[in-house]
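A.B. asks:
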Amino acid sequence: VKRKLKREEYALFLNKPELKTHRTRNPDPKIISNEAWSEIVALEDFPVYRGLWRHMTDVIHKWKSYISKIDPQNHNVPRPWNQKIPIGSIMQLILIRILRPDKISACAMKFISYSMGQYFTIPPPFDLTASYETSSYSTPLIFILSPGSDPLPGLKEFAEKEDIRLRLVTLGQGQAPIAMKNTKRAMKFGDWVCLQNCHVAEKYMPILEKQWDMFDFEKTDKKFRLWLTTYPFEKFPESVLQMGIKMVNETSKGLRMNLLRLYSSPPLNEPSFITEVEEYKRVRLLKLLYGLAYFHTVIQLRKEFGSVGWNVPYEFNDSDFEISVLQLQMFIMEEEKVPFDAITYLIGECNYGGRVTDSWDRRTLITLLKEFINEDVITERDYSFCRKSSDYKIPVKQSLNSYLRRIQTLPLTPDIELYGLHVNAAIIRDIQSGEQLIEAVNNFESGQKTVLKAESFRKVCDSAENILHKLPPKFDLNLIERVHDDHPVPGTESMEAIMIQEIIRFNRLIETIKTSLERILSVNKGLAVMTPDLDTCCSSILEDRTPAMWLKVSYPSLKPLGSYIDDLLRRITFFEDWSHLRKPTCYWLSGFFQPRAFLIGILQTYSRKYKIPIDNLDISYTVLHEYFVENLEENDKSFFYGLFLDGARWNKSKNEIVESFKKEFFERMPSIAAQPVIKVSLDVRECYICPFYNTSARR
């Protein structure tokens with residue numbers, strides 16, 4: 001690849017071209033975003049792409065057809081550009097990054113396959129025997145864990161096969177002496193010792209490294225092996241890692257492979273598990289087991305979709321499935337009528353729900369469970385787990401073999417609706433996968449650099465000066481409080497207190513940004529020393545990321561640096577206007593550090609006005625038709641804007657939540673009226689209880 005890859009092409013893939021002011025019209029904003037079009041125009045500076053934007057403008061219908069394809073990485077771009085940008089080339093990869101960021105990973109695989117061979121795109125099968133045979137008593141074997149993987153059952157089985165005693169030590173508080181004792185005895189008697197979860201024993205790792213270097217391997221039994229399991233983490237001993245044999249056994253990918261694995265493992269692969277149930281109950285058991293296997297696989301695969309799948313990523317594993325299978329069999333055997341409520345409670349609330357920490361995730365888990373385990377699964381002849389496809393129907397013939405045959409015919413790429421998600425979730429997942437790929441390569445590149453180049457530092461200083469020029473001075477709290485004391489407005493005390501708290505937070509953020517940027521400029525003048533924190537800050541600014549030291553005192557934000565500063569200035573302007581006695585008619589809710597405090601302030605104002613305990617109050621929300629309300633005053637109502645729907649859209653004509661349009665990920669909500677009401681009078685039967693998050697990370 002190094003011979004085929006030019007440095008400037010490599011850099012262009014990892015970093016956007018320098019955007020310049022241009023007056024070229026985007027030929028089709030519906031298919032090419034304005035940002036993407038600016039990048040296409042900027043490619044004019046590179047000989048291989050010269051004239052591309054003109055060709056796209058002239059034959060946009062052909063380019064629209066190419067861009068809209070499900071798999072553009074497998075197709076030629078419109079002629080004659082297919083000669084300059086062939087399939088599998090770095091030029092195609094750069095173009096896909098701009099026009100179809102959801103296909104970056106797929107196109108990168110195509111590039112690797114064409115450049116190095118298909119061998120490098122297919123992960124080798126996990127072979128514990130082969131790893132063992134290349135090891136020795138002085139070579140540790142390291143399992144690098146991935147979510148959902150558990151190498152222990154395979155290791156136990158392998159130890160039994162080799163007729164060697166396996167000593168297991170789960171690392172944690174107070175386990176270091178036990179680990180040391182077992183390791184020494186294993187070395188003496190030729191046993192194997194497995195130290196599990198090294199990532200939770202950071203303090204023991206330097207000790208392990210030192211002890212391993214000091215062991216007398218000449219007196220060690222040749223059968224001895226040290227096995228380690230760990231998630232990747234920075235403090236794992238470098239020398240142990242370098243000399244050890246690294247093994248990664250990722251969980252099966254996809255619906256079909258996971259279902260086959262479940263049906264090929266105990267207890268589902270044991271015929272007696274079904275036959276010991278009375279014959280007239282076996283159909284119920286087989287159908288519900290199929291639903292349970294689907295449920296287990298779906299909730300595991302939803303992790304691939306990030307925060308849209310689960311707010312918090314959970315480690316559901318096969319032990320959860322096994323205990324649920326046994327309980328399901330017990331209920332079928334002992335009860336004449338299937339107790340779905342008890343099954344839902346045990347499986348949903350206890351077995352799987354015991355791992356779930358987020359209340360909204362718990363609601364999702366129970367909802368999904370009821371989709372796969374319910375009365376219709378048993379009674380309907382052609383019940384399908386996905387209403388849009390017949391691929392996921394329950395087999396007509398009821399036997400374990402018929403279920404295995406059905407699983408083997410499932411699509412390799414399941415319908416996204418099966419997961420309870422919209423097609424946009426898959427697009428977002430693929431976009432994030434591409435971003436993570438580019439970030440990983442960039443991190444590897446930056447890891448090779450030890451000093452910030454003078455040219456790069458000059459860019460950082462230019463950005464620092466630009467931000468400092470835009471940044472307003474801190475709010476004058478004394479002046480604001482004095483003005484509000486001199487011109488009191490009855491009934492606004494709670495809101496004014498919230499405004500003051502917000503301004504204090506903005507002052508702290510402004511001070512942090514200003515101080516860090518001034519220190520960077522001082523370093524440039526030779527008046528200060530570059531510290532690790534400042535170096536990290538410089539790297540972030542250079543890469544258009546918001547520095548971590550700012551985010552520590554900031555409102556939650558996922559925006560790149562440029563957008564973050566623009567957003568910050570808008571927030572400051574909003575509170576500046578409010579502080580000058582211009583009470584907003586409509587509040588910018590997402591402009592607050594603490595949006596919840598604003599909603600509590602609404603209740604406090606109403607509580608004080610009508611002498612009603614705040615615990616007896618709640619808020620009734622009404623979505624309006626306008627996106628911004630001006631000059632509208634209604635008694636006891638407050639109005640706010642700035643919310644976006646993620647995973648749905650608002651139908652203004654029907655006044656209800658409906659499915660999103662494809663490739664429209666966020667829907668701007670109209671303004672909302674908040675009316676305090678007595679809790680007992682609040683009717684939510686026709687309402688959707690919608691979670692509220694500060695960012696799309698759903699935290």
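Residue numbers (the UniProt record's numbering): 1 to 699.
Glycine residues also receive a C-beta, built at the ideal position from the N, C-alpha and C atoms.
From residue 379 to residue 634, what distance separates their C-alpha atoms?
C.D. replies: For residue 379 and residue 634, the distance between alpha carbons rounds to 54 Å.
A.B. asks: Alpha carbon to alpha carbon, how far is residue 598 from residue 674? Give it in angstroms, no decimals.
C.D. replies: Distance between the alpha carbons of residue 674 and residue 598 is about 11 Å.
A.B. asks: Which class does residue 97 belong to by DSSP, given the choice of helix, strand or coil?
C.D. replies: Correct three-state label for residue 97: helix.
A.B. asks: Closer than 6 Å by C-beta to residue 434: which residues in its own chain qualify, once you throw out the five before and the five after it? Chain order, please.
C.D. replies: Cβ within range, chain order: 101, 104, 105.
A.B. asks: Specify the secondary structure class of residue 473 as computed by DSSP and reduced to three states.
C.D. replies: It is coil, neither helix nor strand.
A.B. asks: Leaving aside the five residues before and after residue 643 along the sequence, list all residues of the same chain whose C-beta is less than 6 Å from its C-beta, in chain order.
C.D. replies: Counting only Cβ-Cβ distances below 6 Å, and skipping sequence neighbours, we find 669.
A.B. asks: Note down the Cα distance separating residue 65 from residue 246, rounded to an integer number of angstroms.
C.D. replies: Spanning the two alpha carbons is a distance of roughly 45 Å.
A.B. asks: Do residue 96 and residue 9 have their C-beta atoms within less than 8 Å of each other?
C.D. replies: No.
A.B. asks: Determine contact between the region 474-489 and the region 499-519, defined as no fewer than three beta-carbon pairs at a distance below 8 Å.
C.D. replies: Touching, yes.
A.B. asks: Helix, strand or coil for residue 533? Go by DSSP, reduced to three states.
C.D. replies: Correct three-state label for residue 533: helix.
A.B. asks: Just to confirm the assignment, what range does the alpha helix (DSSP H) spanning residue 362 have?
C.D. replies: Where residue 362 is concerned, the enclosing alpha helix (DSSP H) stretches over 359-372.
A.B. asks: For the pair the region 282-293 and the region 409-417, tell me if three or more CB-CB distances fall below 8 Å.
C.D. replies: In short, these stretches do not touch, since the Cβ pair count stays below three.
A.B. asks: What are the start and end residues of the beta strand (DSSP E) that includes residue 194?
C.D. replies: First-last of the beta strand (DSSP E) with residue 194: 192-196.
A.B. asks: When the Cα atoms are used, what is the spatial distance from residue 722 to residue 564?
C.D. replies: A question about residue 722 goes unanswered here, because the residues of the chain that appear run from 1 up to 699.
A.B. asks: Note down the Cα distance separating residue 659 from residue 530, rounded to an integer number of angstroms.
C.D. replies: Their Cα atoms are separated by approximately 51 Å.
A.B. asks: Could you say which of 629, 223, 502, 274 lies nearest to residue 140 if we only look at CA atoms?
C.D. replies: Residue 223 is the option with its Cα nearest to residue 140.
A.B. asks: Looking only at its own chain, which residues have a Cβ that is under 8 Å from the Cβ of residue 368, when we skip the five neighbours before and after it?
C.D. replies: Contacts found: 295, 298, 299, 420.
A.B. asks: Could you give the distance in angstroms between the alpha-carbon of residue 351 and the alpha-carbon of residue 358?
C.D. replies: Roughly 15 Å between the two C-alpha positions.
A.B. asks: Would you mind sorting residue 287 into buried or exposed? The rule is 16 or more other CB atoms within 10 Å of its CB.
C.D. replies: Its Cβ being crowded by 16 or more others within 10 Å, residue 287 is buried.
A.B. asks: What would DSSP say about residue 394, mapped onto helix, strand or coil?
C.D. replies: Of the three classes helix, strand and coil, the one that applies to residue 394 here is coil, per DSSP.
A.B. asks: The alpha helix (DSSP H) that contains residue 561, what's its start and end?
C.D. replies: 561-579 is the span of the alpha helix (DSSP H), which, as asked, contains residue 561.
A.B. asks: Can you name, in chain order, every residue of its own chain whose Cβ lies under 8 Å from the Cβ of residue 450, other than the five neighbours on each side?
C.D. replies: With a pLDDT of only 44 at residue 450, under 50, the local geometry of the prediction cannot be trusted, and no value is derived from it.
A.B. asks: Nearest to residue 569 by CA position, among 471, 465, 248, is which residue?
C.D. replies: Answer by Cα proximity: 471.
A.B. asks: Mind checking whether residue 593 and residue 496 have CB atoms under 8 Å apart?
C.D. replies: No. Outside cutoff.
A.B. asks: Look at residue 313 and residue 151 and say whether their C-beta atoms are less than 8 Å apart.
C.D. replies: It is not a contact, given that the beta carbons lie outside the stated cut-off.
A.B. asks: Let me know the secondary structure DSSP gives residue 57 once reduced to three states.
C.D. replies: Three-state DSSP puts residue 57 in a helix.
A.B. asks: Assuming residue 145 and residue 57 make a contact with CB atoms under 8 Å, what is their CB distance in whole Å?
C.D. replies: Contact flag wrong, Cβ pair sits at about 51 Å.
A.B. asks: Compare the beta carbon distance of residue 99 and residue 81 with 8 Å and say whether it is the shorter of the two.
C.D. replies: No, the Cβ-Cβ distance between residue 99 and residue 81 is not below 8 Å.
A.B. asks: Measure the C-alpha to C-alpha separation of residue 326 and residue 278 and round it to an integer number of angstroms.
C.D. replies: Each residue's Cα considered, the two are about 15 Å apart.
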